[in-house]
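The structure appears right after this line, and notes come after that.
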Amino acid sequence: MSRVLVKVSGITEERDAIEAALLGVDALGFHFSGERGRCIDPEDARRIVERLPAFLAKVGVFADAPLIRVLEIARKVGLTALQLDGVETPAYCESLRPAAWYKTLRIGPAFTGDAFEGYACTTFLLDWSRAGGRPGDAGVPGWRHARAFSVHGRILLSGGLDPGNVEAAIVEARPYGVDATSGVEFVPGKTNLDRLEDFVAAVRRAERRFDEPG
2 MSRVLVKVSG
12 ITEERDAIEA
22 ALLGVDALGF
32 HFSGERGRCI
42 DPEDARRIVE
52 RLPAFLAKVG
62 VFADAPLIRV
72 LEIARKVGLT
82 ALQLDGVETP
92 AYCESLRPAA
102 WYKTLRIGPA
112 FTGDAFEGYA
122 CTTFLLDWSR
132 AGGRPGDAGV
142 PGWRHARAFS
152 VHGRILLSGG
162 LDPGNVEAAI
172 VEARPYGVDA
182 TSGVEFVPGK
192 TNLDRLEDFV
202 AAVRRAERRF
212 DEPG
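Just so we're aligned: the sequence shown equals residues 2 to 215 in our numbering.
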């Protein structure tokens, strides 16, 4: 199995960002919309990004923000990708180009492949956090559904992932990547680096399970 991308969202502190990079995280998410605890001022984000290695993806997380604000923050901070968490239309998303972007789709009992229609991106984040239950519960699509949805693009799993369940989620879904937020936090915006280390280790264990012969 190829390397699974690890993204951690809700970064607000420089130390957490640098330590995450040292632990082998591939992408950091900076929230400019949403919960107060996880939101970061663009100037603070810029100072953090300046200290980070070039190989690390710096993702701006937005939800239904004015287009000009998204583009201004992306330029000011030095973001390498945009994650669109709201109900942004395909036309809105296309207006962001040439910036790299991907769309969040919220999983629920009525979710179908039609949700992907019209979005001309190569990556989608599937968020189970508002699914009304755990993956596989009655009426809630299981992680395995992500494998079927990969026909639409690369899939990032999100929503409720933590060190205790991410290995099983990867084995079931075979995703391009995984995104952790609350599962590796003390409180919103404050990363628990011990849990993050365990999370990354669990992801790498899952990779090895597919590389073992037989």
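Using N, Cα and C, we set each Cβ at its ideal position, and we do this for glycine too.
Non-local C-beta neighbours of I49 in its own chain, meaning closer than 6 Å and more than five positions away in sequence, comprise E15, A18, ordered along the chain. Inside the region 14-63, DSSP marks whole beta strand (DSSP E) runs of 3 or more residues at positions 28-32, 58-63, from first to last along the chain. Around the beta carbon of D65, fewer than 16 other beta carbons lie within 10 angstroms, which makes this residue exposed. Comparing alpha-carbon positions, the option among V188, F187, A169 lying closest to V179 turns out to be A169. Residue range 167-174 is occupied by the alpha helix (DSSP H) that includes V167.
The DSSP-derived three-state label of V71 is helix.
Rounded to whole angstroms, the Cβ separation of R155 and T123 is 6 Å, and the two are in contact under 8 Å.
Selection K104, E73, S130, G165 evaluated against A121 yields K104 as nearest (Cα-Cα). In the three-state DSSP reduction, V185 falls in the helix class (H, G or I).
Secondary structure at G109: coil, using DSSP grouped into helix, strand and coil. Of the residues S3, D163, V204, S183, the one whose Cα lies closest to the Cα of S10 is S183. If you compare the alpha carbons of F211, V204, R210 with that of V5, the shortest gap goes to V204. Collapsing the DSSP output to three states places D163 in coil.
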